[in-house]
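Working notes, beginning with the structure itself.
Protein chains in written order, with my numbering: chain A, 1 to 114; chain B, 115 to 227.
Written out as structure tokens, the structure reads:
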């Protein structure tokens with residue numbers, strides 16, 4: 001079974017621009033979560049989507065948004081990029097939402113903001 | 115806001131057992147304890163989870179203290195491939211039943227040949 005895929009794998013953007021990252025979950029998985037990983041803050045939860053609805057949200061500003069499509073694929077958008085948004089963005093999928101699940105992570109998208 | 119405490123790093127020799135501790139003194143009665151690990155240049159991968167009793171799977175064992183304020187991930191025979199950052203995670207319940215996964219800093223496991 002194919003794993004979680006994320007595109008693109010690497011991205012360089014300029015401060016003030018916006019960016020859209022894509023995540024394709026494992027077939028049959030309906031929940032997609034997004035995380036930001038930086039050396040300083042570690043792995044932080046951004047938000048989770050299940051059945052095209054945002055179910056949970058972490059403590060990130062409104063510049064970070066996402067959506068999920070009917071085929072469970074998800075996109076994450078960051079507007080007005082700041083230097084501090086440089087990070088590894090990870091997507092994880094699971095069968096369902098809630099606390100009692102196994103998440104399968106993708107390889108991540110490395111975003112560099114200059 | 116981290117709800118778990120783990121040592122920053124631990125070292126082990128190949129073929130020896132490894133016990134990775136995690137303290138979670140504020141755990142609630144319905145919190146599950148999850149463990150993930152992150153190999154270099156990869157996304158995290160699920161290892162194991164449990165609620166009250168000890169759990170075993172093909173990757174590891176999870177020993178949960180009777181008061182559930184701590185747990186230990188046990189790798190029975192460490193291999194070089196087990197060198198990774200190990201995260202102990204609790205369910206972080208907010209009002210309304212939301213679930214916010216809270217990752218701590220993790221333990222960096224170094225395995226010596």
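We treat Cβ as the ideally placed atom computed from N, Cα and C, and that holds for glycine.
Asked: On the three-state DSSP scale, how would you describe residue 81 of chain A?; Found: coil
Asked: Within the continuous beta strand (DSSP E) that includes residue 26 of chain A, where are the two ends?; Found: No beta strand (DSSP E) contains residue 26 of chain A, which DSSP labels as neither H nor E.
Asked: Return helix, strand or coil for residue 208 of chain B, following the three-state DSSP convention.; Found: Here the model assigns residue 208 of chain B a pLDDT of 49, short of 50, so the residue's position is not dependable, and the following value carries that caveat. Correct three-state label for residue 208 of chain B: coil.
Asked: Please list, in chain order, the chain A residues whose beta carbon lies closer than 7 Å to that of residue 120 of chain B.; Found: In chain order: nothing, as chain A lies at least about 11 Å away.
Asked: Comparing the C-beta of residue 105 of chain A with each C-beta of chain B, is any distance below 7 Å?; Found: yes
Asked: In three-state DSSP terms, what is residue 88 of chain A?; Found: strand
Asked: Go to residue 143 of chain B, then tell me how far its beta strand (DSSP E) extends in each direction, as first and last residue.; Found: Residue 143 of chain B -> no beta strand (DSSP E), and no H or E assigned at all.
Asked: Determine whether the Cβ of residue 219 of chain B lies closer than 7 Å to any Cβ atom of chain A.; Found: yes
Asked: Using 10 angstroms around the beta-carbon of residue 130 of chain B, count the other beta-carbons present and answer buried if the total reaches 16, otherwise exposed.; Found: exposed
Asked: Put residue 151 of chain B into one of helix, strand or coil per three-state DSSP.; Found: strand
Asked: Given that residue 214 of chain B touches chain A, what residues does it touch there, using C-beta distances under 7 Å?; Found: 45, 56 and 58
Asked: Going along the chain, which residues of the stretch 154-166 of chain B sit with their C-beta nearer than 9 Å to a C-beta in chain A?; Found: 155, 156, 157, 158, 159, 160, 163 and 165
Asked: Does residue 102 of chain A come within less than 7 Å of chain B when only Cβ atoms are used?; Found: yes
Asked: How long is the line joining the alpha carbons of residue 163 of chain B and residue 75 of chain A, rounded to whole angstroms?; Found: 28 Å
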